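Peer 1: Using the working numbering, you'd call the opening residue of the sequence shown number 206 and step up by one each time.
Beta carbons: idealized from backbone N, C-alpha and C, even for Gly.
As the structure is a prediction and not an experimental result, all values here were calculated from the model.
Before anything else, here's the structure in question.
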Amino acid sequence: MTRYFDKTVLVTGGTSGIGFATARRLIGEGATVVVTGRDAARLDAAVTDLGGRAHGFLADVADLTALDALMQDIRDRYHRLDMVFANAGVGIFAPIREITEDDFDRSVAVNFKGVFFTVQKALPLIPDGGAVVVNASWTLHRGVDVLGLYSATKAAVHNLARTLAADLAPRGIRVNSVSPGYIDTPMYPEADLPARVAAASRSRVPAGRFGHPGEVADAVAFLGSPDASYINSQDLIVDGGLVGTMSPTA
Ligand SMILES: NC(=O)c1ccc[n+]([C@@H]2O[C@H](COP(=O)([O-])OP(=O)(O)OC[C@H]3O[C@@H](n4cnc5c(N)ncnc54)[C@H](OP(=O)(O)O)[C@@H]3O)[C@@H](O)[C@H]2O)c1
Numbered sequence: 206m207t208r209y210f211d212k213t214v215l216v217t218g219g220t221s222g223i224g225f226a227t228a229r230r231l232i233g234e235g236a237t238v239v240v241t242g243r244d245a246a247r248l249d250a251a252v253t254d255l256g257g258r259a260h261g262f263l264a265d266v267a268d269l270t271a272l273d274a275l276m277q278d279i280r281d282r283y284h285r286l287d288m289v290f291a292n293a294g295v296g297i298f299a300p301i302r303e304i305t306e307d308d309f310d311r312s313v314a315v316n317f318k319g320v321f322f323t324v325q326k327a328l329p330l331i332p333d334g335g336a337v338v339v340n341a342s343w344t345l346h347r348g349v350d351v352l353g354l355y356s357a358t359k360a361a362v363h364n365l366a367r368t369l370a371a372d373l374a375p376r377g378i379r380v381n382s383v384s385p386g387y388i389d390t391p392m393y394p395e396a397d398l399p400a401r402v403a404a405a406s407r408s409r410v411p412a413g414r415f416g417h418p419g420e421v422a423d424a425v426a427f428l429g430s431p432d433a434s435y436i437n438s439q440d441l442i443v444d445g446g447l448v449g450t451m452s453p454t455a
């Protein structure tokens, strides 16, 4: 497929997991992709892996000065951004009684403020008819005891996507979120979880397994493409059925 031929895309947090898989998928469909991350070695490795149509930029999404420099670099090199995947996020998973002010500030700074200002600062570069996809999470659809802080930041960005969809409709820019389920990435690595936790996670999913980052990348590539031309302000849940079902044994 060549849905992204001649398109320029920004993927924040593109050095591993879902962001990396999405960058690879979009490059495979013809895009030039700017990937970001905070670690120079990981960023270099990702860009080398992704090949000639990948460009890396070191930027913490919580740092507005870094975001300004990122957008200026994209403006100088490519002049436009046909799609933005605001993906960078951190997972601090603990019951609310154990959350510290640092945990709170870090989660909100990356997962909410980072997404908010990534999109705001990218907007002047997005042409009419462009697309934005925000990475949310299945957790925004559920109340889960150890996920309160994380889920709240994801609910915030899902709602932000809806507001942006209304705001940007006059320019024909569609804004959707994607909500991955249990995806095997460094954030939730199936092999490194306690066996009991991994088994419990799998047992809640009708598909009976964790998802692969590429399965979320497929959904993001769809949402950003003309195939989704009449899909706007939605949350696409990519979770093997986790949110929509309840197993009597789980
Ligand atoms: N895996 C899951 O089960 C799951 C489920 C639902 C939602 N999600 C969401 O999916 C997104 C991607 O997560 P993932 O599972 O693919 O995890 P991951 O493999 O840990 O990837 C996170 C990416 O974000 C980057 N990053 C983290 N903080 C950043 C910051 N402040 N500025 C810029 N980049 C930053 C990381 O690179 P550096 O560390 O080098 O900066 C890395 O490239 C997150 O928003 C996460 O909440 C994941």
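Would a C-beta distance cut-off of 9 Å place Thr217 and Ala264 closer than the cut-off?
Peer 2: Position 12 of the sequence shown, counted from the first residue, corresponds to residue 217. Position 59 of the sequence shown, counted from the first residue, corresponds to residue 264. Yes; because the gap between Cβ atoms is below 9 Å, this pair is in contact.
Peer 1: Is Pro418 helix, strand or coil by DSSP?
Peer 2: Taking the sequence shown and counting its residues from 1, the one referred to as residue 418 is at position 213. In the structure shown, Pro418 sits in a helix (DSSP, three-state: H, G or I).
Peer 1: In terms of alpha-carbon separation, which member of Thr220, Met206, Arg229 and Lys212 lies closest to Gly419?
Peer 2: Taking the sequence shown and counting its residues from 1, the one referred to as residue 419 is at position 214. Looking at the Cα atoms, Arg229 is the closest of the given residues.
Peer 1: Run the CB neighbour count on Asp350, radius 10 Å, all protein chains shown included, and call it buried at 16 or more, exposed below.
Peer 2: Residue mapping note: residue 350 aligns to position 145 of the sequence shown, counting from 1. Flag for Asp350 reads exposed.
Peer 1: Beta carbon of Val383, beta carbon of Leu373: below 9 Å?
Peer 2: Within the sequence shown, numbered from 1, the residue matching residue 383 stands at position 178. Within the sequence shown, numbered from 1, the residue matching residue 373 stands at position 168. No.
Peer 1: Are Val362 and Phe317 closer than 9 Å when you measure CB to CB?
Peer 2: Against the sequence shown, residue 362 aligns to sequence position 157. Against the sequence shown, residue 317 aligns to sequence position 112. A contact, by the Cβ cut-off of 9 Å.
Peer 1: Leaving out five residues on either side along the sequence, give the residues of the same chain with a beta carbon under 8 Å from the beta carbon of Ala426.
Peer 2: Indexing the sequence shown from 1 puts residue 426 at position 221. Cβ within range, chain order: Arg208, Tyr209, Thr227, Arg230, Leu231 and Glu234.
Peer 1: Count the CB pairs spanning the segment 432-451 and the segment 323-343 that are closer than 8 Å, and state whether there are at least three.
Peer 2: Result yes; three or more Cβ-Cβ pairs closer than 8 Å.
Peer 1: Any heavy atom of ligand 1 within a distance shorter than 8 Å of the CB on Met276?
Peer 2: Residue numbering aside, residue 276 sits at position 71 when the sequence shown is read from its first letter. Result no, Cβ not under 8 Å from ligand 1.
Peer 1: What ranges does the beta strand (DSSP E) occupy inside the segment 293-363, keeping only unbroken runs of at least 3 residues that lie completely in it?
Peer 2: If we require 3 residues or more, the beta strand (DSSP E) runs fully inside the segment 293-363 come out as 336-340.
Peer 1: Can you tell me where the alpha helix (DSSP H) with Ser408 in it begins and where it stops?
Peer 2: Position 203 of the sequence shown, counted from the start, is the residue given in the question as residue 408. Residues Ala400 to Ser408.
Peer 1: Please confirm whether any heavy atom of ligand 1 lies closer than 8 Å to the CB of Ser382.
Peer 2: As a first step, residue 382 is located in the sequence shown; it is residue number 177 there, counting from the start. Incorrect: Ser382 has no Cβ contact closer than 8 Å to ligand 1.
Peer 1: Which two residues bound the contiguous alpha helix (DSSP H) that contains Met276?
Peer 2: The count along the sequence shown starts at 1 and reaches residue 276 at position 71. Run containing Met276: Leu269 to Tyr283, per the alpha helix (DSSP H) assignment.
Peer 1: Got a sec, what are the start and stop residues for the alpha helix (DSSP H) Ile436 sits in?
Peer 2: Within the sequence shown, residue 436 is the residue found at index 231, counting from 1. Note, Ile436: premise wrong, no alpha helix (DSSP H); not H, not E.
Peer 1: Report all residues from its chain with a CB closer than 7 Å to the CB of Ala271; omit the five preceding and five following residues, and keep chain order.
Peer 2: Position 66 of the sequence shown holds residue 271. Taken in chain order, the residues that qualify are Ala264 and Asp265.
Peer 1: Please classify Gly235: does DSSP put it in a helix, a strand, or coil?
Peer 2: On the sequence shown, residue 235 is found 30 positions in, with the first residue counted as 1. It is coil, neither helix nor strand.
Peer 1: Measure the C-alpha to C-alpha separation of Leu369 and Met288 and round it to an integer number of angstroms.
Peer 2: As a position in the sequence shown, residue 369 is number 164, starting the count at 1. As a position in the sequence shown, residue 288 is number 83, starting the count at 1. For Leu369 and Met288, the distance between alpha carbons rounds to 14 Å.
Peer 1: Following a CB-centred definition, is Asp308 positioned closer than 8 Å to any heavy atom of ligand 1?
Peer 2: Here the question's residue 308 lines up with position 103 in the sequence shown. Outside the cutoff, so no.
Peer 1: Sort out for me which residues DSSP pairs Ser221 with in a bridge.
Peer 2: Numbered from its first residue, the sequence shown carries residue 221 at position 16. Ser221 is not bridged to any residue.
Peer 1: Within a Cβ cutoff of 8 Å, which residues of the same chain sit near Leu398, ignoring the five residues on either side of it in sequence?
Peer 2: Against the sequence shown, residue 398 aligns to sequence position 193. The residues are Ser406.
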